[in-house]
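Accompanying notes for the structure given below.
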Amino acid sequence: TQRIAEHVKALSMEINSSLPFKINPRIIQGETPIELEVDTLENLQHQTRETVDGWMGGLHQTVSTITILAHRDSHDAVREALKGVPLTKDISDWQTKRLVLLTSHGSFKGLESDFILDIEIPPLDAKRRYDPLIQRYVSHSRAKHRLVCIQYTGAWIA
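The numbering used here applies: residue 706 is where the sequence shown begins, and numbers increase by one.
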């Protein structure tokens, strides 16, 4: 949508203002991406659950793909928050069985999803290469219709 494209364009300008970026004027306006900050595990789980439940409650009937992007370090916490939601790590099952894909940002390169929930939690290993702006650009540019980004600012969860 135009609003997601405008959001991604702004991110690309923060990374490198000389990058060419054109938005197709014929695409639909769509909804503005939602960016949230949470500082407790309880709030992270609540916002994650609320977002996915809202998407699955009717919207998923007409939209084929929902994806949750998060560091592998945080997948257990996401699974705990989404007990009862049909999650998968398998791309084929996600595409054919209309399950919710839980994957890392790096594993999702080259793919797109109708709905993306980006859970931003810095990696547990502080030595791991991590640039939140580039990660955000890559993951947000994969959303086709809806985009929600939840940034976790609390103490690390293991």
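Even for Gly, the Cβ is constructed at its ideal location relative to N, Cα and C.
Given residue i as reference, the closest of the options once Cα atoms are compared
i, options, result
"residue 816", "797, 711, 707 and 741", "797"
"residue 865", "857, 842 and 856", "Residue 865 cannot be examined here, being either before or after the span of the chain that is shown, 706 to 863."
"residue 824", "784, 802 and 789", "784"
"residue 819", "779, 838 and 799", "799"
Whether residue i touches residue j by CB criterion (8 Å)
i, j, result
"residue 746", "residue 782", "yes"
"residue 753", "residue 804", "no"
Secondary structure of residue i, DSSP reduced to three states
i, result
"residue 794", "coil"
"residue 775", "coil"
"residue 709", "helix"
"residue 785", "helix"
"residue 736", "coil"
Bridge partner(s) assigned by DSSP for residue i
i, result
"residue 805", "771 and 792"
"residue 851", "820"
Neighbour-count burial assignment, residue i, 16 or more Cβ in a 10 Å radius
i, result
"residue 851", "buried"
"residue 703", "In this structure the chain extends from 706 to 863, so residue 703 is not present and cannot be described."
"residue 812", "exposed"
"residue 808", "buried"
"residue 858", "exposed"
"residue 715", "exposed"
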